[in-house]
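Residue numbers (numbering that gives the first Met the number 0), protein chains in the order written: chain F, 0 to 144; chain L, 0 to 437.
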Amino acid sequence: MILHQLSVFVENQPGQLSLPCRILADAKIPIIGLTLADADQFGILRLIVPHWEQAKALLEKAGCVVKVTEVIAIEAKQVPGGLLEILQPLEEAGINVEYLYAIDDIGESSGAMVLRFEDSAAAIQCLQDHGINTSVIPKLVKELG
Amino acid sequence: MTSFPFENRIWDAAETLDLNNLQKLQVERLRQTVERVANVPFYKNVFAREKISPDSIRTLEDLRRIPFTTKADLREHYPLGFLAVPREKIARVHGSTGTTGKPTFVAYTHRDLELWADLCARFLVAGGLRAEHLVHIAFGFGLFTGGFGLHYGVERVGAGVVPAASGNTERQLMLLQDLAAEVLVCTPTYALHIAEVAGKCGLNARELPLKFGHFGGEPWTDEMRAAIEESLGIFAFNNYGLSEIIGPGVSGECPARTGMHIQEDHFIVECINPETLETVGEGEEGELVFTTLTKEAMPILRYRTRDISRLHHSPCPCGRTTVRMERVVGRSDDMLIIRGVNVFPSQIEEALLKVEGATPHFVIEIDRPTSLDEVTVRVEMHPEIFSDEMREMQALRNRIDREIHKITGIRARIELVKPETLERFTGKAKRVVIKSQP
Chain F
0 MILHQLSVFV ENQPGQLSLP CRILADAKIP IIGLTLADAD QFGILRLIVP
50 HWEQAKALLE KAGCVVKVTE VIAIEAKQVP GGLLEILQPL EEAGINVEYL
100 YAIDDIGESS GAMVLRFEDS AAAIQCLQDH GINTSVIPKL VKELG
Chain L
0 MTSFPFENRI WDAAETLDLN NLQKLQVERL RQTVERVANV PFYKNVFARE
50 KISPDSIRTL EDLRRIPFTT KADLREHYPL GFLAVPREKI ARVHGSTGTT
100 GKPTFVAYTH RDLELWADLC ARFLVAGGLR AEHLVHIAFG FGLFTGGFGL
150 HYGVERVGAG VVPAASGNTE RQLMLLQDLA AEVLVCTPTY ALHIAEVAGK
200 CGLNARELPL KFGHFGGEPW TDEMRAAIEE SLGIFAFNNY GLSEIIGPGV
250 SGECPARTGM HIQEDHFIVE CINPETLETV GEGEEGELVF TTLTKEAMPI
300 LRYRTRDISR LHHSPCPCGR TTVRMERVVG RSDDMLIIRG VNVFPSQIEE
350 ALLKVEGATP HFVIEIDRPT SLDEVTVRVE MHPEIFSDEM REMQALRNRI
400 DREIHKITGI RARIELVKPE TLERFTGKAK RVVIKSQP
C-alpha cells in the first residue's frame, strides 16, 4: 500500500529531534514508523503518522521544513528470510531500493517494511508478478486512522 | 534609440551639464568648501601642515594635495567636531551605527536638508517615481539616514509616503495590500523577506500593487535584483549613499540601469587603490572617495568610504552626463582575507543565488584556530530545495560549495540550517562572524 511519509529537516544538534516529536505529541498524533538518516551536520527524520496532512501543517507552522514522499508498505513475515522474499525479485529485476525501514508488530507474526524506490510503479509491478501482496494492510490502515 | 521601461524624466538640468561647465562649477564650489572648513580644527591643522589655502585651489588636480579624511578622524572628533557652522544652525542630526560603541554623528543645516531632498528626488524620478505615486518606506526612521532621507525626497517629488518603518512584516504586507503603494523603499534583504513572508501567508507577492522598488543601505548583487524582481513582480532600482557624505542621494540608477549616476555638481568622486592610495584607472576596481561641494553643516574632504566599486565615464543613453558607479561589491574593511584570498560577503551571496533555489540567507563564520582559516557558510534550508533523499541533499551542498569556490576561489564548509534561524536584517546586514582571532 502507498503511504504518505513526512520527511523533516533536522540539524544535527541536541534538542533538534524533540521539536517535531513534541509537536506531534501535543496534537496527540502517534508515530507509527520512523527512521533518521544522518549526514555529518544535518539529518532527515522520516515519519509515518496518522492524519499526515494535519501533522505536516502543524510541523510547518512550527518552522520545520517538511516534504511529503510516497513510499510503499509491504507486509513481511517475521521469520528468517522474510525480508529476503521481498528483496530477491527486486534485485533480479534490477530495481533499486533508495531506503527502507521496518514498522514492527502490525500482525500476529508480521511487520511492515516501508520501502522507497526510484521507480515505484515498476517495483509494485515486479512484486505483484512474484505473488507478493502489495495491497492495503488492514492493521496498518486501522492504526493510521 | 534605447527603449526604457517608462519615460526617462530628468529632475534637474544639472544632471546633464557638459564636462566643461561641470568642472568649472566643481572647482568653484571646491574652493568655497575649503574656505568653509578652514575653521574646523581638524582641517585647520591639515591645511596648516600641507600649506593649503582656498586661493591655492585652482584646478580639480589641486584636490589631490588635501589628505584623506577617514572614519577614524570622525570618531576622534566625536560628537560634532567636524561642525563648520555655529551649533544653532543645526537643523537635524543623524548618525551611522557604529559596530563598536558610539555612533558617528552628522549634522545638517536647513539648506543641507533642502539639498538632500533634491538629491533623493533626482534618483527617485530617474527610477520612475511620479507625483501620483504612493511610496511605502520600510526603512528605520531614526538616526539612520535611510528613512528620513527617502521620506523628504518622495515628498519633494510630490508623491505620497507611507512611513511604515521597519519590522512586523505581516503588518507591512497588510499596508502594501490595503493602501496599494506603487513603490517600495527598503533594503534589498528586506524586500526579499517581504516576498518570503507573503508566500508563507498564502499571498502571491507578485499580485501586490507594487510597480517599482528603490533599494539601498547595503551592498547587493544583480542576482539578488533578479530574485526581487521575480518574486515581487517589480522593477528594482539601486541607490547609494552614506551618512558621512549626506545619506541616500549620493548616486542612483536611471532607467538604463547600467550603474548609478553620481550627483557630481554636489560631490567629487575619486576611486583609489585602498593599499597604495593611488587613483585607479577608468573602470578599475577601487575604493570610492568623496568630497562634498555644497554641504554647509559638515563638509568633508576626500572621505574614504571603504566602499569598493568601479567608475565609468562612458556616455549613458539616458542623457545624464554624470559619472556612473557600479554596485558596491563590498567594503574594503569587510573584505575578508581568507587563506590569503580576498573575499567579500556579497560574493557568497552571488554564489548562493546561482545555485537554483538557494535563499540568500546566510552567515559566514570564520574560525581561526591555527594559522589556517576555517570558513563555514551557514545557509538556511528552504522547502523548495529540501529533498527527502540524502543523496540530493549532499548534491545541493556540493553545488553550493562548487559555486562558492568558482566565484571566490576558497573552499568553505557548507552547513545547512533550519529556516529563519539566522537573523533578518532591516538595516545593514551583519553577515560575518569571526570566532577566534589567532
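Virtual Cβ for every residue (Gly too), placed ideally from N, Cα, C.
With DSSP as the reference, label L/D177 as helix, strand or coil. helix
Identify the residues that DSSP records as bridge partners of L/C185: which are they? L/F214
Cβ of F/I43 within 8 Å of any chain L Cβ: yes
L/Y42 lies in the alpha helix (DSSP H); which residues open and close that run? 40-49
Decide yes or no for the touch test of the segment 314-332 of chain L against the segment 237-253 of chain L: beta carbon pairs closer than 8 Å, at least 3 of them. yes
Using a beta-carbon distance below 8 Å, is F/A38 in contact with chain L? yes
Could you confirm whether any beta carbon from chain L is found closer than 8 Å to the beta carbon of F/F116? no
Three-pair Cβ contact test at 8 Å for the segment 210-217 of chain L versus the segment 106-113 of chain L: no
For chain L, find out if any of its Cβ atoms is closer than 8 Å to the Cβ of F/G62; answer yes or no. yes
DSSP three-state assignment for L/H459, whether helix, strand or coil: Look at the range of chain L in this structure, 0 to 437, and you will see that residue 459 of chain L is not part of it.
Closer than 8 Å by beta-carbon distance: list the chain F residues that pair up with L/P393, in chain order. Per the sequence shown, the amino acid found at residue 393 of chain L is Gln instead of Pro. Here the neighbours are A38.
Of the residues L/F81, L/L82, L/P78, L/R48, the one placed nearest L/P66, counting alpha carbons only: L/R48
Given L/S308, which residues of its chain have a CB within under 6 Å of its CB, disregarding the five upstream and five downstream residues? L287, M324, E325, V327
Taking the C-alpha atoms as reference points, what is the distance between L/E60 and L/S52? 14 Å
Minimum C-alpha distance to L/V26 - residue among L/R63, L/G166, L/E14, L/P4: L/R63
Measure from the alpha carbon of L/V432 to the alpha carbon of each residue in L/I406, L/I384, L/L335, L/F385, then state which is nearest. L/L335
Step through the CB atoms of chain C and report whether any lies within less than 8 Å of the CB of L/F361. You won't find chain C in this structure, because its protein chains are F and L.
For F/Y100, the residue or residues it bridges with in DSSP: F/V113
For L/S250, the residue or residues it bridges with in DSSP: L/Y239, L/I261
At 7 Å on the CB atoms, spell out the chain F contacts of L/V416, in chain order. E10
Considering only DSSP beta bridges, list what F/Q4 is partnered with. F/T68
By Cβ distance below 7 Å, which residues in the same chain neighbour L/Q171 in space, the five residues on each side in sequence not counted? A137, A163, I193
Unbroken alpha helix (DSSP H) runs of length 4 or more, entirely within the segment 349-388 of chain L: which are they? none
Which residue or residues does DSSP assign as beta-bridge partners of L/L310? L/M324
Taking a cut of 7 Å between CB atoms, which residues from the segment 57-89 of chain F lie near chain L? G62, V64, K66, T68
At which residue ranges does the segment 75-149 of chain L contain complete beta strand (DSSP E) runs of 3 or more residues, listed in the order of the chain? 91-95, 103-107, 133-136
Under a CB-based cut-off of 8 Å, is L/D366 close to chain F? no
When the cut-off is 8 Å and only beta carbons count, does F/E97 lie next to chain L? yes
Starting from the Cα of L/C315, find the closest Cα among L/A106, L/R256, L/L149 and give me that residue. L/R256
For L/V196, does the three-state DSSP call read helix, strand or coil? helix
Thinking just about the alpha-carbon of each residue, which of L/N38, L/I9, L/Y302 is nearest to the one in L/D72? L/Y302
Under the rule that 16 or more other beta-carbon atoms within 10 Å means buried, what is L/E404, buried or exposed? The amino acid occupying residue 404 of chain L in the given sequence is His; Glu does not appear at that position. Classification for L/H404: exposed.
Beta-carbon of F/S17 versus every beta-carbon of chain L: anything under 8 Å? no
Would you mind working out which of F/W51, F/A61, F/A101 sits nearest F/H3, comparing C-alpha positions? F/W51
Range of the contiguous beta strand (DSSP E) that encloses F/E52: No beta strand (DSSP E) holds F/E52; the alpha helix (DSSP H) holding it covers 51-60.
Alpha-carbon to alpha-carbon, L/L142 and F/V70: 56 Å
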